[in-house]
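First comes the structure, then the notes that go with it.
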Amino acid sequence: MDMSAENPFADLMTKAVKLKGAQQAQLRTQFDSWPQYFQHSLFMQESVVTVRTKPFADRIAVAEGMKAAGNTHFNAEAYEDAVAEYEKALAVFKYLENKDPGWKKKGIEDGDMLITDFKCDDAEDQTRLDALKISCYLNIAVAKFKLKEYPVCIRACDDTLELDPKNVKAYYRRAQALITPASSGALEFDRAIEDLQKAYAIDPENRGVRKMLRELMEQRTKQRALDKETFSGMFNRGQVYDETSKDQDVQPDGAAREQKFQQEVEEAEALARGFEAKGKTEYATEIREKIAQAQDIRNRRLKCVDFFNPTAEMIKNAEESGIDLTDRSVQQMLHDLQEEERKKTSSSPDKQDNAKDAPPSAVDSVDSLLKSMSNTEIAQLLTREGIDYHKISDREQFLETARQVLLSKLDDKKEPSKSSYARTIVLLAIAWTLLRLYTSGGLSVLGRVVTNAITGGHADSSGVGHATKVMDIFDED
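Going by UniProt numbering, the sequence shown opens with residue 1, and the numbers climb by one from there.
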């Protein structure tokens, strides 16, 4: 049978093998968590297995010979061969066995594992055995360090310290393995210093420990100073975009400030990538959080229109719509409308995320206005538009009809750009003014002009009377 990659059956079998392997891995999570030198004790050759059945004196002699062979390989810089001998020496006394005879076909499962950790009845014998284990663990640690297998080196130091909590060499070697990898970050750096401090407390005269501890302490002091300068100054140089500067006018050199802000963002992003390249992901994450915060503050600051100090363009746009933007009461009304929209979009985290880069839409504005209107006011609006609301029996349809009327007046067919944000607010103010004029019954000249313009000069004088009956149809709670 063709078992090439192009054969569908072969491809199916390959996928089945991968699936089985993934399922099998779930059954040996504990086994996979053990260091290699302990896992390998399950696969030892017969010569090692046979030694396990002998008296302690014979076993320790054979194991010490294995360790000596490992030292010979180590001195020849054959580190893999050295580790193999140290593993054999350890496997004489501490090893794994599988109680399932068919495990080689079925696979390894945690439930089938048996752990043997030989203990001596005689204290002197136990001391000799512990010394052998400690020596093998330390030798594995240094060999794995030279092979750049730092996680295994650390695990070997852990096992050493479990047997001898005051082993200076283990603390020193583990500190080296923590800070040497390119992926080491602040956490590993602090752990290394902690290990060296423990080693120094045990042996203050150890030159290697003192030298490395002094170097790491100096590096940490410099790094903290650098971090403080980096994180505190990155987006605080003058606080260009800060919520606390709401009362400050937007400076005329907006393009220059925008260019400066973008340059700072690029510099910060470059710094974050640099930390990532060194494996210091926590620093990169912190920098990017600062970038996001600064951009959010900047966006909200730019969207805030200062109606109390309108520009000439804003005044002109307002005049075209019949709004006097120099009138203090009009300015206050527009400011209040804007604040209402800002609070609305910031009240919900989800809505705030979606609204970061866009001004309030006409739909949101109309919905806000409808919520502030009574049923009577809405009925009056529909009546003046020539809509017989009495034929509407569903409240949702009643509100939707009013919503469509208001939307048609705002003509919100296009998404407003940043430059037209002030115009959107002005249009919102017009809708607000029209609604209040509707409910006033045309008591002012401006009210009569607007009413006639909307109804085409055919306003029904009985509209208000009809509208008062709306409470019978849609009773409010």
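The C-beta atom is built at its ideal place from N, Cα and C for all residues, glycine as well.
Note that the coordinates shown come from a computational prediction; the quantities given were computed from them, not determined experimentally.
Going by DSSP, Thr127 is part of the alpha helix (DSSP H) stretching over Ala123 to Lys146. For Lys169, there is no enclosing beta strand (DSSP E); the enclosing alpha helix (DSSP H) covers residues Val168 to Ile179.
In this structure the region 64 to 74 lies against the region 86 to 101, because at least three pairs of beta carbons, one per stretch, are closer than 8 Å. Non-local C-beta neighbours of Leu114 in its own chain, meaning closer than 8 Å and more than five positions away in sequence, comprise Leu96, Glu97, Asn98 and Lys99, ordered along the chain. Non-local C-beta neighbours of Phe31 in its own chain, meaning closer than 7 Å and more than five positions away in sequence, comprise Gln39, Ile108, Asp110 and Met113, ordered along the chain. If you look at Ile202, you'll find it in the alpha helix (DSSP H) that goes Ala186 to Ile202. Shown here, Asp110 sits in a helix according to DSSP, grouped into three states.
With fewer than 16 other Cβ atoms inside 10 Å of its own Cβ, Ala277 counts as exposed. In this structure, the beta-carbon distance from Met212 to Leu196 falls below 7 Å. Distance from the CA of Ala143 to the CA of Ala292, rounded to the nearest whole angstrom, comes to 45 Å.
Exposed is the label assigned to Gln263, since fewer than 16 other Cβ atoms lie within 10 Å of its Cβ. Between the region 141 to 161 and the region 169 to 180 there are three or more C-beta pairs closer than 8 Å, enough to call the two in contact. About 28 Å separates the CB atoms of Gln126 and Phe145; that is not less than 8 Å, and the two are not in contact. Between Cys120 and Leu129 a beta carbon distance of about 6 Å is seen, short of the 8 Å cut, so the two are scored as contacting. Here Arg155 is buried. Its C-beta has 16 or more other C-beta atoms within 10 Å.
Taking all protein chains in view, the Cβ of Lys105 is surrounded by fewer than 16 other Cβ atoms within 10 Å, so the residue is classified as exposed.
Ranked by Cα distance from Phe398, the options Leu406, Gly386, Arg384 and Ile378 are led by Ile378. Shortest Cα-Cα distance from Lys148 to any of Leu163, Pro165 and Ile179 involves Ile179.
When DSSP states are grouped into helix, strand and coil, Thr116 belongs to the strand group. Just so you know, the alpha carbons of Gln219 and Ile193 end up roughly 11 Å apart.
When secondary structure is reduced to three states using DSSP, Leu27 falls in the coil class, being assigned neither helix nor strand. Assigned with DSSP and collapsed to three states, Lys222 falls in helix. Contact between Lys94 and Phe118 is confirmed by a C-beta separation of about 7 Å, below the 8 Å threshold. Closest by C-alpha distance to Ser183, out of Ala284, Asp388 and His335, is Ala284. Just so you know, the alpha carbons of Lys260 and Lys290 end up roughly 16 Å apart.
Check the Cα spacing between Glu258 and each of Glu269, Ala294 and Gly274: the tightest is with Ala294. In the displayed model, Lys260 falls within a helix according to three-state DSSP. Lys316 sits in a helix when the DSSP states are folded into three classes.
In the structure shown, the three-state DSSP call for Asn309 is coil. In the structure shown, Leu325 adopts coil according to DSSP, grouped into three states. Burial state of Lys316 is exposed, judged by a 10 Å Cβ sphere holding fewer than 16 other Cβ atoms. Taking Leu163 as the centre and dropping the five residues before and after it, the same chain places the C-beta of Asp130, Lys133, Ile134 and Tyr137 closer than 8 Å to its C-beta, in chain order. The Cβ atoms of Ala199 and Val209 lie closer than 7 Å to each other.
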